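First up is the structure itself, then whatever we jot down about it.
Residue numbers (this note's numbering): 1276 to 1469.
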C-alpha cells in the first residue's frame, strides 16, 4: 500500500493522505490536526510500521477498512466492501486502540523532545493494560527517530509537495465475512422445507 501525505492547501493547516490500497481502491483521508509538528496520521503510520502493527489503523485500512473520515476517489470497491469493512473493524478494535496509544506516545515523545520514548510507551500502555506491554518499548527510540526525519521533510515541503510512504507490514487475512443467505439456500442443501 502506498500512502501519500500532503499539506491541505485548501485549509490553514491539516493534511491529506491519498491511500492506494493493494485491491486497486484509492482513498482520501482528511486530517484536521494543526497542533503538532507532523500530522497525527503520519505519526500513526510511522509508529505502526516501526512496531509492525498489522491490525492497527493502517493495517486495517490495508485489509479493507474504510473509516468515516475517508472517501473512495478511484477504483471500484468490492461488492461487499461495507460489510467487510465492519467485520475487519470489529475484529481489529483492540489492536486499533493499542495503535492509538503507541502512536500518541511516539508523537508526544517527538514533540516533547526530552521525553524518553521507551518510558512514554510503557506509561501509555499502563493507561489501557497491565503487566508487560505486548510490544517492545525499546523500539520507541527508532520510531521517534524515523518520525523526526519525516518531520524535517514535512516542514520543508514546497507548495504542492508530498511525502510518499510504503506500508510494508504484511496484511493479516481479513476477518471472515458471512455471506448473505439467499432465499432457498437451506432447501438446496437438504435442510428446511421441501
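Backbone N, C-alpha and C define an ideal beta-carbon position, used for all residues, glycine too.
The structure displayed is predicted, hence computed values, not measured ones.
- Query: Between the stretch 1329 to 1342 and the stretch 1420 to 1429, are three or more C-beta pairs nearer than 8 Å?
  - Reply: no
- Query: Nearest to residue 1374 by alpha carbon, out of 1417, 1316, 1437 and 1435?
  - Reply: 1316
- Task: Starting from the C-beta of residue 1303, find all residues in its chain whose C-beta is less than 7 Å away, skip the five residues before and the five after it, and write them out in chain order.
- Result: 1291, 1293, 1345, 1346 and 1348
- Query: Looking at residue 1311 and residue 1386, is the spacing between their C-beta atoms short of 8 Å?
  - Reply: yes
- Message: Given this structure, state the Cα-to-Cα distance separating residue 1421 from residue 1289, to the nearest angstrom.
- Response: 21 Å
- Item | For residue 1338, the residue or residues it bridges with in DSSP | None; residue 1338 has no bridge partner.
- Task: Measuring alpha carbon to alpha carbon, tell me which of 1321, 1285, 1281 and 1300 ends up nearest residue 1441.
- Result: 1321
- Item | DSSP three-state assignment for residue 1320, whether helix, strand or coil | helix
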